[in-house]
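Sequential numbering from 92 applies to the sequence shown in the numbering used here.
For each residue, glycine too, the CB sits at the ideal point set by N, CA and C.
Note sheet for the following structure.
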Amino acid sequence: MIPRIENLPLNLKPVDDLWDQLTANQKIYANAFRKGQTIRETVESVMAENRLVCFQEMFSLLLLLDKKNYIGNKSFKLFFDYVRNYENPNKNKKWVSIPAFMQSNNAGAILSKDPFFQSLPVHIQTLFIRNAQVVNLEPQTAICNQGRFERELFFLIEGEVALYKKIDDRKQLLGLLKSGAVIGEVGFFFGENRTVDVVATQMTKVVRIKYHKDFHTIMNKEFAHQFQTRIRLFHAFARSSFLSHLPPELLEGLFRRGQPKEFKENQKIFAQNDQGDSCFFITQGSVIIEKDQKKLNVLGSGELFGEIALLFSGGVRTASALAQKQTLCFEFKAKDFYETLAENILAACEFERLAHERFKKISA
Numbered sequence: 092m093i094p095r096i097e098n099l100p101l102n103l104k105p106v107d108d109l110w111d112q113l114t115a116n117q118k119i120y121a122n123a124f125r126k127g128q129t130i131r132e133t134v135e136s137v138m139a140e141n142r143l144v145c146f147q148e149m150f151s152l153l154l155l156l157d158k159k160n161y162i163g164n165k166s167f168k169l170f171f172d173y174v175r176n177y178e179n180p181n182k183n184k185k186w187v188s189i190p191a192f193m194q195s196n197n198a199g200a201i202l203s204k205d206p207f208f209q210s211l212p213v214h215i216q217t218l219f220i221r222n223a224q225v226v227n228l229e230p231q232t233a234i235c236n237q238g239r240f241e242r243e244l245f246f247l248i249e250g251e252v253a254l255y256k257k258i259d260d261r262k263q264l265l266g267l268l269k270s271g272a273v274i275g276e277v278g279f280f281f282g283e284n285r286t287v288d289v290v291a292t293q294m295t296k297v298v299r300i301k302y303h304k305d306f307h308t309i310m311n312k313e314f315a316h317q318f319q320t321r322i323r324l325f326h327a328f329a330r331s332s333f334l335s336h337l338p339p340e341l342l343e344g345l346f347r348r349g350q351p352k353e354f355k356e357n358q359k360i361f362a363q364n365d366q367g368d369s370c371f372f373i374t375q376g377s378v379i380i381e382k383d384q385k386k387l388n389v390l391g392s393g394e395l396f397g398e399i400a401l402l403f404s405g406g407v408r409t410a411s412a413l414a415q416k417q418t419l420c421f422e423f424k425a426k427d428f429y430e431t432l433a434e435n436i437l438a439a440c441e442f443e444r445l446a447h448e449r450f451k452k453i454s455a
């Protein structure tokens, strides 16, 4: 597993001979590191001065410092050795197709690796495990049948399932779900009939949770609705062109810090040239993005918007956002957004790269 360095001081040697090679931002970061600040503390201090953080510049600085052997902390050496090995996968690297824990039929061991399951209270985790079993599915096996009363919940561990809905005597494909998805939450929590058919498209492994009366004693209606919101959010994360690239622990960090926001049809979320200190993630509904009163795009579930103000434009909104219909979003304030990215600098750099690509398209 990759070592974590974000909360460790660098034990930095003097870098005077490198000073002229550094950008203005890198000089700020280097000064913070020399004071003994960690990566996370450096991000916080830069934000406290109302400056933008560039994770790619920070990471380039760390690479340079490591290359020159200016960092005394051995954990950083291990970290960058891992990074170099990752960039050269054919060099002394063993590949495995399936993580070892997924080969086990122990439902508790499998569920314990799932970030959504980990977010549940311990007493609810225990109840889930008590009523769980691992099921291997052949292709074309249905785990949910539209119109039926089936009170079971499924965690998709390996493989893929398709969602079909019967419309006018024909079945329409609604989408595909892969590992990490949670399936059947409406029937499980609310006792409602299945709304779609869910069918394995290949050899697939799931953890099946059978409903037990004990669930009713600990999960009241309010909890069930909150739980369903979390499931929908994780599904939306998995569909996101941005966030699906990020590791589960970073997604969990965003989830913990985000606040749900609901917008009515045609409600303005923000206007072009406004000052902005937050970005938004769509879990349900759709949002129209306009620039200079011209429609640029319509974003749906799994899309992120507003991040350009946090990353590139100094807090200025480069476009307007309008709810096309009733829309549910998660709002991430700048401070929480940056603190989450600071928990994994590799993922932060990837996120920043993807956001920059979209910024260039919008600005063209």
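{"Item": "Please report how far the alpha carbon of Q237 lies from the alpha carbon of E276, in whole angstroms.", "Value": "14 Å"}
{"Item": "Below 8 Å between beta carbons: does that hold for A412 and V389?", "Value": "no"}
{"Item": "Alpha carbon to alpha carbon, what distance is there between A272 and L247?", "Value": "5 Å"}
{"Item": "Kindly indicate which residue of K424, L153 and D365 has the alpha-carbon position closest to the one of I436.", "Value": "L153"}
{"Item": "Using the beta-carbon count (16 or more within 10 Å), is F240 buried or exposed?", "Value": "exposed"}
{"Item": "At a cut of 8 Å, does the stretch 220-236 reach the stretch 299-308 through at least three beta carbon pairs?", "Value": "yes"}
{"Item": "Mapping the DSSP letters down to three states, classify S270 as helix, strand or coil.", "Value": "coil"}
{"Item": "For the stretch 123-138 against the stretch 197-206, are there 3 or more C-beta pairs whose distance is under 8 Å?", "Value": "no"}
{"Item": "Can you pull the DSSP bridge partners for P351?", "Value": "F421"}
{"Item": "For K452 and C420, I'd like the C-alpha separation in whole angstroms.", "Value": "23 Å"}
{"Item": "Mind checking whether V289 and L345 have CB atoms under 8 Å apart?", "Value": "no"}
{"Item": "Cβ of M149 within 8 Å of Cβ of Y429?", "Value": "no"}
{"Item": "So within the stretch 383-453, which uninterrupted beta strand (DSSP E) runs reach at least 3 residues, ignoring any that extend past its ends?", "Value": "385-390, 411-414 and 418-424"}
{"Item": "Once you ignore the five residues that flank G406 on each side, which residues in its own chain have a CB closer than 7 Å to its CB?", "Value": "Q366, G367, D368 and A400"}
{"Item": "For R444, count neighbouring Cβ atoms within 10 angstroms of its own Cβ and tell me buried if that reaches 16, exposed if not.", "Value": "exposed"}
{"Item": "Please identify the residue among F280, L101 and R449 whose C-alpha is closest to the C-alpha of F171.", "Value": "L101"}
{"Item": "Check A362 in the structure and name its three-state DSSP category.", "Value": "coil"}
{"Item": "When the distance is taken between beta carbons, is Q358 closer than 8 Å to K382?", "Value": "no"}
{"Item": "Taking the Cβ atom as the reference point for each residue, do T418 and Q350 lie within a distance shorter than 8 Å?", "Value": "no"}
{"Item": "With which residues is S369 paired in a DSSP beta bridge?", "Value": "K424"}
{"Item": "To the nearest angstrom, how far is the alpha carbon of A410 from that of K385?", "Value": "10 Å"}
{"Item": "Does DSSP classify Y120 as helix, strand or coil?", "Value": "helix"}
{"Item": "Enumerate in chain order the residues of its own chain whose CB-to-CB distance from F371 is below 6 Å, with the five nearest sequence positions on each side excluded.", "Value": "F396, G397, C420 and E422"}
{"Item": "Starting from T114, follow the alpha helix (DSSP H) in both directions and report where the run begins and ends.", "Value": "Segment: none, T114 is in no alpha helix (DSSP H) and carries neither H nor E."}
{"Item": "Compute the Euclidean distance between the alpha carbons of V134 and L169, then round it to the nearest angstrom.", "Value": "22 Å"}
{"Item": "Take I119 as the anchor and find which of F146, M294, F306 and F219 has the nearest alpha-carbon.", "Value": "F146"}
{"Item": "Work out the CA separation of G250 and L267 for me, nearest whole Å.", "Value": "11 Å"}
{"Item": "Assign V213 to buried or exposed, taking buried as 16 or more other Cβ atoms, counted over all protein chains shown, within 10 Å of its Cβ.", "Value": "exposed"}
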